[in-house]
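Protein chains in written order, with the working numbering: chain E, 97 to 276; chain D, 55 to 504. Note that CB positions come from ideal geometry on N, CA and C, so glycine has one too. Please read these numbers as outputs of a predicted model, since none were measured by experiment.
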Amino acid sequence: MLSVKHNEPVEFTEEMLGKFAEIVARYPEGRQKSALLPIMHEVQAVYGWLSVPAMDSVAAYLKLEPIEVYEVATFYTMFFLRPQGKYVLEVCRTGPCCLVGAERIMTHIEQRLGVKEGAVTTDGLFSWRGVECMAACGYGPVLQIGPEYTFHENLTEERVDELIKELKNKAEGRELTAES
Amino acid sequence: MARKLLLTHIDVPGIQSFEVYRQKGGYRAVEKALKTLTPDEVVEEVKASGLRGRGGAGFPTGMKWSFLAKPEGVPRYLVCNADESEPGTFKDRYLMTYIPHALIEGMIVSSYALGAHTSYIYVRGEMMPQIRILERAIAEARNAGFLGKNILGTGYDLELYVQPGGGAYICGEETALLESLEGKRGNPRIKPPFPAVSGLYNCPTVVNNVESIAATVPIINDGAEEYAKIGVGRSTGTKLISAGGNLNKPGVYEIELGLPVEEFIYSDEYCGGISNGKRLKAVVAGGSSVPILPANLIVKTLNGEPRLMTYESLADGGFQSGTMLGSGGFIAFDEDQCIVRNTWNFTRFYHHESCGQCSPCREGTGWMEKVLHKLELGHGSSSDIDLLVNVAKNIEGNTICPLGDAAAWPVGSAIRHFRDEFEWHVTNGNEAQTRNYGLAHYADPLESVV
């Protein structure tokens with residue numbers, strides 16, 4: 097993942113621009129605004145979050161006013177407007193998952209990572225938050241891990257510890273275990 | 055064994071791939087529709103099947119299709135609503151993950167029926183793995199000549215794209231979904247005009263749920279008559295039920311509509327009873343928005359008749375003693391669950407997901423969340439319970455889209471059926487922090503109704 101600071105200008109790579117063009121081609125001519133959400137997902141997958149310069153560059157690419165990008169980015173919960181950890185742990189906190197122990201899992205993650213919801217660990221590796229229903233209520237508690245949105249079901253505290261360890265290893269270049 | 059129409063081959067290894075799906079009879083419906091039926095005949099077939107919208111509203115799919123305006127020279131669109139986010143519901147995720155070609159095939163058949171040449175599947179953004187699965191399935195279908203120009207030499211062209219959402223429950227509402235697909239905030243539109251007249255890019259548009267679209271495949275394959283033989287009355291065919299909460303065997307089940315609720319909960323073919331040997335306290339039968347019912351009323355109607363898994367039977371008794379089939383998100387609560395806490399949780403969800411356009415919903419959901427939190431923490435007063443009822447009533451029916459109703463119903467029904475538990479939280483505030491109310495209100499369960 098590329099790192100980008102708040103005011104740093106963002107220029108998209110050829111590869112990214114190629115993907116953007118593919119996305120824009122899905123819509124009728126003059127309706128390129130439809131590409132906004134998919135393109136913001138692409139940008140976030142590269143930088144980990146959406147800085148204002150990144151959103152401005154998206155606006156310029158799609159020939160939109162910057163505000164048209166900001167107002168959309170602030171509406172949808174998946175878009176991060178602040179830097180996140182390299183891995184973002186998102187636990188479902190809605191009713192059905194709470195019936196089977198989601199709150200316990202959230203408390204455990206908070207203790208294990210040592211940061212409050214929304215904050216980033218000092219090594220920059222992790223952030224976590226509770227999210228609303230992820231449509232997997234029969235397999236709760238559930239957790240998804242960005243930026244790839246790998247999905248983990250029927251969580252226990254032990255499984256959370258394993259996952260965190262696997263991610264740490266992965267970050268250090270030791271790909272020991274496969275993610276599900 | 056109940057008949058399965060959507061999940062018939064779910065256990066076949068490799069059914070995710072085009073090749074295996076095709077070997078198992080996949081894409082026959084596309085061949086049949088495109089080669090032997092006119093678009094209008096497909097619409098008539100779906101109408102005659104009695105299929106009703108599987109996303110929650112239960113509106114007849116064929117009728118929705120027949121409303122589609124067809125002005126000359128204006129493109130028409132089919133958009134699949136795969137923004138599955140109603141708490142308790144996870145059937146579309148299941149279908150897209152394990153048998154994605156069922157949706158792709160249904161999209162081709164349905165697009166043909168509606169005369170659409172570009173169709174979109176709007177998938178909630180969190181389902182990135184499912185988006186990748188669908189994109190692969192689309193590529194496979196295209197390579198095999200089922201998508202693109204001149205499909206199977208019939209002259210029919212169709213392009214199919216997957217669109218990711220951004221994490222907003224409201225985009226499951228069809229006009230919010232269209233706004234989102236146009237690259238805007240997911241604010242529902244004022245209706246009319248309905249999408250059938252002015253939808254995506256102001257063109258006539260049909261928005262259907264994943265399961266509704268997949269259901270067109272067996273309808274075309276076997277005929278509307280066969281499909282309509284399954285079920286009871288106006289609830290025809292099969293339905294995917296997402297079973298979650300305190301059940302022995304949570305998961306997605308395809309049931310024939312008309313299955314008794316009791317059998318669904320307790321038989322080993324389905325949920326296998328309540329987990330850990332506990333007793334059932336309550337059920338939310340159709341996703342978090344529908345009224346919660348105490349155990350006695352979910353198993354039997356107020357008149358003592360067995361409650362069936364149908365649109366009509368679940369709604370028997372109106373909101374006084376009934377509920378709705380909704381999206382089929384079936385959440386079971388065991389005797390240890392706290393109704394106040396769950397209602398607070400659901401209300402927080404709706405507050406979080408309100409788009410903010412209409413004040414009754416934007417403000418009301420927030421008030422309800424705060425009052426419920428206060429009650430849950432044991433700091434409430436008995437007037438708070440009436441206040442909740444009042445706020446819920448003032449949200450209901452006073453908003454552009456049904457999210458307001460969806461937020462009000464769980465609160466109204468929880469207080470209607472479990473008022474004693476809310477009152478106990480007021481009178482025994484400290485005790486409520488250390489233990490749950492349990493099943494005490496069942497002393498005479500039927501008396502607590504009305």
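Subject >> is_contact[Val445(D), chain E] using C-beta, thresh 9 Å >> reply: As a working note, residue 445(D) is residue 391 in the second sequence. Chain E contact via Cβ: absent.
Original post:
DSSP state of Ala269(D), grouped into three classes?
Top reply: Residue numbering aside, residue 269(D) sits at position 215 when the second sequence is read from its first letter. Helix, per DSSP.
Original post:
Any beta-carbon of chain D closer than 9 Å to the one on Lys159(E)?
Top reply: What you label residue 159(E) is simply residue 63 of the first sequence in a count that begins at 1. Closer than 9 Å: no.
Subject >> Contact check, Tyr215(D) vs Ile244(D), beta carbons under 9 Å >> reply: Translated into the one-based positions of the second sequence, residue 215(D) becomes position 161. Translated into the one-based positions of the second sequence, residue 244(D) becomes position 190. Contact: no.
Original post:
Distance, Cα to Cα, Gly341(D) vs Gly380(D)?
Top reply: Locating residue 341(D) in the second sequence gives position 287, counting from the first residue. Locating residue 380(D) in the second sequence gives position 326, counting from the first residue. Rounded to the nearest angstrom, the two C-alpha atoms are 6 Å apart.
**OP:** Thinking Ala461(D) and Thr419(D) are a contact (beta carbons under 8 Å), I'd like their distance in whole angstroms, please.
**Re:** Counting from 1 along the second sequence, the entry for residue 461(D) is found at position 407. Counting from 1 along the second sequence, the entry for residue 419(D) is found at position 365. Ala461(D) to Thr419(D), Cβ: 5 Å. Contact.
Original post:
So, using beta-carbon positions, are Thr115(D) and Thr259(D) closer together than 9 Å?
Top reply: Residue mapping note: residue 115(D) aligns to position 61 of the second sequence, counting from 1. Residue mapping note: residue 259(D) aligns to position 205 of the second sequence, counting from 1. With contacts defined by Cβ atoms closer than 9 Å, Thr115(D) and Thr259(D) do not form a contacting pair.
Original post:
Which residues in chain D sit within 8 Å of Ser130(E), going by Cβ to Cβ distance?
Top reply: Residue 130(E) sits at position 34 when you count from the first residue of the first sequence. Residues of chain D passing the Cβ test: Gln217, Leu235, Glu236, Gly237.
Subject >> Spatial neighbours of Leu206(D) in its chain, beta-carbon cut-off 8 Å, leaving aside the 5 residues before and after >> reply: Residue 206(D) sits at position 152 when you count from the first residue of the second sequence. Excluding sequence neighbours, Leu206(D) sits near Val84, Glu85, Leu88, Lys89, Gly199, Phe200.
Original post:
When burial is assigned at 16 or more other CB atoms within 10 Å of the CB, is Leu263(E) buried or exposed?
Top reply: Along the first sequence, read from residue 1 onward, the residue named residue 263(E) stands at position 167. The residue is buried, with at least 16 neighbouring Cβ atoms inside 10 Å.
Subject >> Rounded distance between the beta-carbons of Leu294(D) and Gly382(D), thought under 8 Å >> reply: Counted from its first residue, the second sequence places residue 382(D) at position 328. Counted from its first residue, the second sequence places residue 294(D) at position 240. Indeed they touch by this definition, with Cβ atoms about 6 Å apart.
**OP:** State the beta-bridge partners of Asn263(D) as determined by DSSP.
**Re:** The count along the second sequence starts at 1 and reaches residue 263(D) at position 209. According to DSSP, Asn263(D) bridges with Asn135(D).
Subject >> Interface residues of chain D facing Leu195(E) [CB-CB closer than 9 Å] >> reply: The residue you call residue 195(E) lines up with position 99 of the first sequence. Here the neighbours are Gly298, Gly299, Asn300, Ile385, Ala386, Phe387, Asp388, Gln391, Asn396.
**OP:** From the DSSP output, read off the bridge partner residues of His248(E).
**Re:** Position 152 of the first sequence, counting from 1, holds the residue named residue 248(E). Partner(s): Leu239(E).
Original post:
Can you find a heavy atom of the ligand NAD that lies under 8 Å from the Cβ of Thr217(E)?
Top reply: Among the components of this structure there are no ligands whatsoever, and the ligand NAD is therefore not found.
Subject >> Nearest-angstrom beta carbon gap, Thr292(D) and Leu59(D) [assumed within contact, 8 Å] >> reply: Position 5 of the second sequence holds residue 59(D). Position 238 of the second sequence holds residue 292(D). Going by Cβ atoms, the distance from Leu59(D) to Thr292(D) rounds to 5 Å, so yes, they are a contact pair.
Subject >> Residue(s) in a DSSP beta bridge with Phe113(D) >> reply: By 1-based counting over the second sequence, the position of residue 113(D) is 59. None, per the DSSP bridge assignment.
**OP:** Answer with yes or no whether the minimum CB distance from Pro258(D) to chain E is below 9 Å.
**Re:** Numbered from 1 along the second sequence, position 204 holds the residue referred to as residue 258(D). The Cβ of Pro258(D) sits no closer than 9 Å to any Cβ of chain E.
Subject >> Inter-residue CB distance, Phe72(D) and Glu213(D) (contact presumed, cutoff 8 Å) >> reply: Against the second sequence, residue 72(D) aligns to sequence position 18. Against the second sequence, residue 213(D) aligns to sequence position 159. Their Cβ separation, rounded to whole angstroms, is 17 Å, which puts Phe72(D) and Glu213(D) out of contact at 8 Å.
Original post:
Which class does Lys145(D) belong to by DSSP, given the choice of helix, strand or coil?
Top reply: The count along the second sequence starts at 1 and reaches residue 145(D) at position 91. The answer is helix: DSSP assigns Lys145(D) an H, G or I state.
Original post:
Is the Cβ of Phe113(D) closer than 9 Å to any Cβ of chain E?
Top reply: As a working mapping, residue 113(D) is identified with position 59 in the second sequence. With a threshold of 9 Å between beta carbons, Phe113(D) makes no contact with chain E.
Subject >> contact_flag[the region 410-430 of chain D, the region 362-380 of chain D] where n(CB pairs < 8 Å) is 3 or more >> reply: With the rule of 3 Cβ pairs closer than 8 Å, the region 410-430 of chain D does not count as touching the region 362-380 of chain D.
Original post:
Can Ile393(D) and Gly191(E) be called in contact, C-beta distance under 9 Å?
Top reply: Here residue 393(D) refers to the residue found at position 339 when the second sequence is read from its first residue. Here residue 191(E) refers to the residue found at position 95 when the first sequence is read from its first residue. Not closer than 9 Å, so no.
Original post:
Taking the alpha carbon of Leu146(E) as the point to measure from, which residue in Lys129(E), Gly181(E), Val100(E) has its own alpha carbon closest?
Top reply: On the first sequence, residue 146(E) is found 50 positions in, with the first residue counted as 1. That would be Val100(E), whose Cα lies nearest to the Cα of Leu146(E).
**OP:** Could you work out which residues of chain E lie near Asn399(D), taking near to mean beta carbons separated by less than 7 Å?
**Re:** Taking the second sequence and counting its residues from 1, one reaches residue 399(D) at position 345. Those within 7 Å of Asn399(D) in chain E are Thr190, Gly191, Cys194.
**OP:** In the DSSP assignment, find the unbroken alpha helix (DSSP H) run with Gly420(D) in it and report its ends.
**Re:** Sequence index remark: in the second sequence, residue 420(D) carries index 366 (1-based). Here the alpha helix (DSSP H) through Gly420(D) covers 413-430.
Original post:
Can you name the residues of chain E whose CB is closer than 8 Å to the CB of Gly199(D)?
Top reply: For the purposes of this step, residue 199(D) is taken as the residue at position 145 of the second sequence. None at all; the shortest Cβ gap to chain E is about 20 Å.
**OP:** To the nearest angstrom, report how far apart Glu253(E) and Ile201(E) are at their CA atoms.
**Re:** Locating residue 253(E) in the first sequence gives position 157, counting from the first residue. Locating residue 201(E) in the first sequence gives position 105, counting from the first residue. In a straight line, the C-alpha of Glu253(E) is about 6 Å away from that of Ile201(E).
Original post:
At least one CB of chain D closer than 9 Å to the CB of Leu133(E): is that the case?
Top reply: Start at 1 with the first residue of the first sequence, and residue 133(E) comes out as number 37. Yes - at least one Cβ of chain D is within 9 Å of the one on Leu133(E).
**OP:** Assign Ile273(D) to buried or exposed, taking buried as 16 or more other Cβ atoms, counted over all protein chains shown, within 10 Å of its Cβ.
**Re:** Taking the first residue of the second sequence as position 1, residue 273(D) is located at position 219. The residue is buried, with at least 16 neighbouring Cβ atoms inside 10 Å.
**OP:** Give the residues of chain E in contact with Thr143(D), contact being defined as C-beta atoms less than 9 Å apart.
**Re:** On the second sequence, position 89 is the one that residue 143(D) refers to. Listed along chain E, the residues sitting closer than 9 Å to Thr143(D) by beta-carbon distance are Cys229, Ala231, Cys233.
**OP:** Would you kindly check if the distance between the Cβ of Ala215(E) and the Cβ of Cys188(E) is under 9 Å?
**Re:** In the first sequence, residue 188(E) corresponds to position 92, counting from 1. In the first sequence, residue 215(E) corresponds to position 119, counting from 1. Taking 9 Å as the Cβ cut-off, Cys188(E) and Ala215(E) do not qualify as a contacting pair.
Original post:
Just to confirm, are Ser165(D) and Leu188(D) a CB contact at a threshold of 9 Å?
Top reply: Within the second sequence, residue 165(D) is the residue found at index 111, counting from 1. Within the second sequence, residue 188(D) is the residue found at index 134, counting from 1. No. Outside cutoff.
Original post:
Is the region 356-366 of chain D in contact with the region 309-319 of chain D, if contact means three or more CB pairs nearer than 8 Å?
Top reply: Touching, yes, given that three or more Cβ pairs across the two stretches are closer than 8 Å.
Original post:
Of all the beta strand (DSSP E) runs that stay within the bounds of the region 162-240 of chain D, which reach a length of 3 or more residues?
Top reply: Within the region 162-240 of chain D, the complete beta strand (DSSP E) runs of at least 3 residues are 172-177, 213-218.
Original post:
Relative to chain D, which residues along the region 103-130 of chain E have a C-beta separation below 7 Å, given in chain order?
Top reply: The region 103-130 of chain E vs chain D, Cβ under 7 Å: Arg122, Pro124, Arg127, Lys129, Ser130.
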